[in-house]
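Protein chains in written order, with the numbering used here: chain Y, 1 to 59; chain E, 60 to 464. Cβ coordinates follow ideal geometry from the N, Cα and C atoms, glycine included. Written below as structure tokens is the structure these notes are about.
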Amino acid sequence: LKELSVFSKAIEADIFDHLTVEAMISRRLSDGGTARKNVRAAIDAAKANLKQQAVGEDE
Amino acid sequence: MSEKPWDGRFAEGTDTAVEAFTASIQTDRRLYPYDIEGSMAHCRMLAKVGVLSDEEASQLVEGLGRIKRDLDSGNFEFHDSLEDIHMHIESRLLQDVGKVAQKLHTARSRNDQVALDTRMFLRDAARQTIAGLMRLRAILVDLAEAHLDTVMPGYTHLQRAQPILLGHHWMAYYEMFNRDAERFTDALGRIDVMPLGAAALAGTTYPIDRNFTAELLNFPKISANSLDAVSDRDFIIEFLAAASLCMVHFSRMSEELVLWSSAEFAFIELPDAFATGSSIMPQKKNPDIPELVRGKCGRVFGDLVTLLTLMKSLPLSYNRDMQEDKSPFSIRWIPWEPASIFSAECCHGSRSMGRQCEVLPNPGLSMPPIWPTTLWARALPSARPTTLSARPWPMHWINAKSCTI
Numbered sequence: 001l002k003e004l005s006v007f008s009k010a011i012e013a014d015i016f017d018h019l020t021v022e023a024m025i026s027r028r029l030s031d032g033g034t035a036r037k038n039v040r041a042a043i044d045a046a047k048a049n050l051k052q053q054a055v056g057e058d059e
Numbered sequence: 060m061s062e063k064p065w066d067g068r069f070a071e072g073t074d075t076a077v078e079a080f081t082a083s084i085q086t087d088r089r090l091y092p093y094d095i096e097g098s099m100a101h102c103r104m105l106a107k108v109g110v111l112s113d114e115e116a117s118q119l120v121e122g123l124g125r126i127k128r129d130l131d132s133g134n135f136e137f138h139d140s141l142e143d144i145h146m147h148i149e150s151r152l153l154q155d156v157g158k159v160a161q162k163l164h165t166a167r168s169r170n171d172q173v174a175l176d177t178r179m180f181l182r183d184a185a186r187q188t189i190a191g192l193m194r195l196r197a198i199l200v201d202l203a204e205a206h207l208d209t210v211m212p213g214y215t216h217l218q219r220a221q222p223i224l225l226g227h228h229w230m231a232y233y234e235m236f237n238r239d240a241e242r243f244t245d246a247l248g249r250i251d252v253m254p255l256g257a258a259a260l261a262g263t264t265y266p267i268d269r270n271f272t273a274e275l276l277n278f279p280k281i282s283a284n285s286l287d288a289v290s291d292r293d294f295i296i297e298f299l300a301a302a303s304l305c306m307v308h309f310s311r312m313s314e315e316l317v318l319w320s321s322a323e324f325a326f327i328e329l330p331d332a333f334a335t336g337s338s339i340m341p342q343k344k345n346p347d348i349p350e351l352v353r354g355k356c357g358r359v360f361g362d363l364v365t366l367l368t369l370m371k372s373l374p375l376s377y378n379r380d381m382q383e384d385k386s387p388f389s390i391r392w393i394p395w396e397p398a399s400i401f402s403a404e405c406c407h408g409s410r411s412m413g414r415q416c417e418v419l420p421n422p423g424l425s426m427p428p429i430w431p432t433t434l435w436a437r438a439l440p441s442a443r444p445t446t447l448s449a450r451p452w453p454m455h456w457i458n459a460k461s462c463t464i
């Protein structure tokens, strides 16, 4: 923390909660971002799309 | 030298070197199944409107069926003197059923006939491509799902930028191939138009039923203008444009597979079935398949430029230049083939990547990318890492980062 606080006084001990790979990914929640929740949603949407097209082909 | 349709008009025969130069049989022979199917439908239509008797029509359709079987089994000789696939089939039909064969050409020209054959060929090609892309997309989604917890470095400028999920990376390719499928589907709507009945260029005096022919050949609509019908090649260009973009996407994916399988990245090991080795350099496992897919782009882009150049400034309607539009058929390769190869390759290849990636991330050594988000969260909207760090970053952070994530 001492090393980090050289850069800004806004940096406090909780910075270490953010400095994890997991946090870096899971916080990128904007639409289309890499957060797991978003990727899950994209996968579900793609599956629905593929299923719909497969039905369309059978008709 | 064989008989020509124009023999009555010319006193001299065609020069044999000219025959070789003008012949297109080596490329358009691939169109034979469509040529025969189109001719059969044309016969049935002519019988329906009374231009042919039912007996004549059945003779012709049966004769065409026999020729199809000969072509299927390879029992058919091709000669430059017969120019193209239409004349080859016509000439064989004449030997097979006699003079009635000449009636097949009633109310039809090779100009509208080749437009029909090409549309039928590309209609199948587009459908197969769309189906191939659908299989590939399904596999990408499965891969993404399997790698929802696999972290990998995300890159910009081919520099490690921010950690991302491997699933997110696969879904980026899903999006690209999804757009490709949409483009092929859109192009298909304009390929799937029946041109027969335009005849040489202006239509025909025979009382033909174009919609009936379209129905027999499963076309949802007929072309609206005879001049356009015999000289439109937009649909080929659109197909090749969609194919070119699709190839761009394959090439990007290939490039990553090549990079990732190198000792420098070591993210994946390609399955043995998709690699080659070297007898004197046993450490090597060459990613030939992605390399070659990358290399195949040249042919597809080349075909697109060929067609665009071919059509530029051509006056209406048909011009012999258009015979050169068959280059997409002269090669055995079209994008759905790597699509299916890739599907398998991705599956095998990415399994090892998953293991490789899981050991990569190391919390605490990922400082730089986190600066902005963390500080934004502290309500310092104007804060920029560069302005904050007026002093240099400790070198051990930078060095550590570069050898972990």
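Query raised in the report: Between which two residues does the beta strand (DSSP E) containing proline 92 of chain E stretch?
Result: Where proline 92 of chain E is concerned, there is no enclosing beta strand (DSSP E), although the alpha helix (DSSP H) it sits in stretches over 91-107.
- Query: Going along the chain, which residues of the stretch 235-251 of chain E sit with their C-beta nearer than 7 Å to a C-beta in chain A?
  - Reply: Of the chains in the structure shown, none is chain A; the protein chains are Y and E.
Notebook entry, point to check: In terms of residue numbering, what span does the alpha helix (DSSP H) encompassing glutamine 342 of chain E cover?
Noted result: Per DSSP, glutamine 342 of chain E belongs to no alpha helix (DSSP H) and is neither H nor E.
### Query
Touching or not, the stretch 293-307 of chain E and the stretch 208-217 of chain E, by the rule of three or more beta carbon pairs under 8 Å?
no
In its own chain, which residues sit with a C-beta less than 8 Å from the C-beta of tyrosine 214 of chain E, not counting the 5 before and 5 after it? Cβ within range, chain order: Ala220.
CB contact flag (aspartate 183 of chain E, isoleucine 148 of chain E, <9 Å)
no
> From isoleucine 348 of chain E to alanine 231 of chain E, what does the alpha carbon distance come to, in whole angstroms?
Replying inline: 21 Å
Review point. Any C-beta of chain Y sitting closer than 9 Å to the C-beta of isoleucine 339 of chain E?
Key: no
Q) Just reading off the alpha helix (DSSP H) that tyrosine 232 of chain E is part of, what are its end residues? A) Secondary structure note for tyrosine 232 of chain E: its alpha helix (DSSP H) is the uninterrupted segment 225-250.
Please confirm whether glutamine 161 of chain E has its beta-carbon closer than 9 Å to some beta-carbon of chain Y. no
* Residue interval of the alpha helix (DSSP H) (run including methionine 211 of chain E) -> Unbroken run through methionine 211 of chain E is the beta strand (DSSP E), 210-215; no alpha helix (DSSP H).
Q | CB-CB length for leucine 123 of chain E against leucine 152 of chain E, believed under 8 Å | A | The beta-carbon separation of leucine 123 of chain E and leucine 152 of chain E, rounded to 7 Å, stays under the 8 Å limit for a contact.
I'd like to know if the stretch 72-92 of chain E and the stretch 153-171 of chain E are in contact, where contact means that at least 3 CB-CB pairs between them fall below 8 Å.
Output reads no: the stretch 153-171 of chain E does not touch the stretch 72-92 of chain E.
Step through the CB atoms of chain Y and report whether any lies within less than 9 Å of the CB of proline 222 of chain E.
yes
- Alpha carbon to alpha carbon, how far is isoleucine 267 of chain E from aspartate 139 of chain E? Spanning the two alpha carbons is a distance of roughly 32 Å.
Exercise for review: Name, please, each residue of chain E whose Cβ falls closer than 7 Å to the Cβ of alanine 48 of chain Y.
Suggested key: Correct list: empty, because the minimum Cβ distance to chain E is about 10 Å.
C-beta contact flag for aspartate 176 of chain E and glycine 262 of chain E at 9 Å
no
**Asked** When the Cα atoms are used, what is the spatial distance from arginine 103 of chain E to alanine 203 of chain E?
**Response** 51 Å
Alpha carbon to alpha carbon, what distance is there between proline 92 of chain E and valine 120 of chain E? If I take the Cα positions, the gap works out to 13 Å.
- Item | leucine 439 of chain E (DSSP reduced to helix, strand or coil) | Low confidence applies to leucine 439 of chain E: its pLDDT is 45, below 50, so where it sits in the model is not reliable enough to give any reading.
**Prompt:** Going by other Cβ atoms of all chains shown within 10 Å of its Cβ, with 16 needed for buried, is threonine 335 of chain E buried or exposed?
**Reply:** exposed
Within this structure, are the beta carbons of serine 285 of chain E and aspartate 171 of chain E separated by less than 9 Å? yes
Worksheet item: How long is the line joining the alpha carbons of glycine 67 of chain E and proline 279 of chain E, rounded to whole angstroms?
Response: 39 Å
Q) Under 9 Å between C-beta atoms, does alanine 78 of chain Y make it to chain E? A) Outside the displayed span of chain Y (1 to 59) sits residue 78 of chain Y, for which this structure offers no information.
Proximal residues of chain E, C-beta to C-beta of alanine 13 of chain Y below 9 Å: Result: empty, since nearest Cβ-Cβ is about 12 Å, beyond 9 Å.
I believe isoleucine 43 of chain Y touches leucine 224 of chain E by the beta-carbon criterion, under 8 Å. Please report the beta-carbon distance rounded to the nearest angstrom.
Between isoleucine 43 of chain Y and leucine 224 of chain E the beta-carbon gap is near 11 Å, outside 8 Å, which marks them as no contact.
Rounded separation between arginine 269 of chain E and serine 168 of chain E - CA only: 14 Å
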